[in-house]
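Numbering (UniProt numbering), first residue to last: 1 to 277.
Put into structure tokens, the structure is as follows:
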């Protein structure tokens with residue numbers, strides 16, 4: 001009896017070939033990202049870039065580096081805001097910061113930092129807890145354009161009202177406007193917040209651990225990963241964290257069904273805050 005083989009649509013086949021081509025040509029590995037989200041983003045990019053098929057898009061990506069740079073902006077669409085999920089930051093303030101304050105120096109990794117909103121939120125929190133000056137923050141992402149935006153620390157002024165509300169709900173201790181200067185419909189955040197931040201290109205799919213850390217925040221990144229890539233990322237985090245280091249994940253992410261789950265204990269499970277055993 002012939003084995004039953006899974007049926008794949010032409011679109012799925014083209015999508016898989018595109019991701020393989022990107023990996024072979026540019027060493028960006030999207031092969032273990034979840035299919036539904038990936039397909040939605042590629043189809044949107046295809047339309048916006050004037051391509052009739054994914055195969056046409058693949059041809060452009062292979063022969064035009066600028067086309068790959070453009071496609072990358074669709075594959076890594078940032079969905080972020082400052083002090084997103086304020087209760088997460090409130091839990092950091094209450095349960096994590098007091099422990100971090102016992103270290104003479106801190107290394108913190110924000111994995112998948114996108115355009116930097118989370119980095120500046122964390123820097124503000126560390127500053128208010130008196131920890132920023134003795135902290136080194138590694139802010140990493142695979143998108144060079146997002147990293148450049150993060151380095152500048154400039155965000156739309158129209159977002160400040162929502163960010164202020166988030167900050168206040170997270171237990172902020174000052175006026176949020178103290179941290180930025182408004183001009184030309186933009187908010188420029190205090191450069192001192194980023195003095196100890198190293199922005200760097202790093203892929204959870206292909207790169208290795210680069211430092212021992214006391215706290216890692218990787219929020220709303222692994223929801224786009226298939227299980228194999230989730231396991232790889234959690235392995236990197238476990239390797240990077242010092243004994244009893246902290247890990248913060250996004251509100252829809254979990255380590256319950258991971259091989260690394262038993263190696264962490266929940267600190268505030270509702271907020272996806274864990275501590276390495």
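The beta-carbon is built from N, C-alpha and C at its ideal position, and this holds for glycine as well.
In this text the structure is predicted, and so the values were computed from the model without any measurement.
- With contacts defined by Cβ atoms closer than 9 Å, residue 275 and residue 257 do not form a contacting pair.
- Of the candidates 234, 252 and 240, 234 places its Cα closest to the Cα of residue 262.
- Residue 277 sits exposed, since fewer than 16 C-beta atoms from the chains shown fall within 10 Å of its C-beta.
- For residue 58, same chain residues with a beta-carbon under 8 Å away, outside a window of 5 residues either side, are 14, 17, 18 and 21 in chain order.
- The continuous stretches of alpha helix (DSSP H) do not include residue 104, and DSSP gives it neither H nor E.
- In its chain, beyond the 5 residues on either side, 154, 155, 156 and 157 have a beta carbon closer than 8 Å to the beta carbon of residue 186.
- Under the three-state reduction of DSSP output, residue 130 falls in the coil class, being neither helix nor strand.
- For residue 191, the closest of 207, 151, 173 and 102 by C-alpha to C-alpha distance is 151.
- A Cβ-Cβ contact shorter than 9 Å links residue 221 with residue 112.
- Annotated as proximal: residue 226 and residue 33, with beta-carbon spacing under 9 Å.
- Residue burial is scored here from C-beta neighbours: residue 41 has at least 16 other C-beta atoms within 10 angstroms and is therefore classed as buried.
- Closest option to residue 68, judged by alpha-carbon separation, among 99, 93 and 28: 28.
- Burial check for residue 195: the Cβ neighbour count within 10 Å stays below 16, so the residue is exposed.
- Taking a C-beta distance under 9 Å as the contact criterion, residue 93 and residue 129 qualify as a contact pair.
- For residue 61, the enclosing alpha helix (DSSP H) stretches over residues 54–63.
- If the five residues before and after residue 198 are omitted, its C-beta is found closer than 8 Å to the C-beta atoms of 136, 137, 138 and 139, all from its own chain and listed in chain order.
- Cα atoms of residue 267 and residue 216: separation of roughly 14 Å, rounded to the nearest angstrom.
- Rounded to whole angstroms, residue 30 and residue 273 show a C-alpha spacing of 27 Å.
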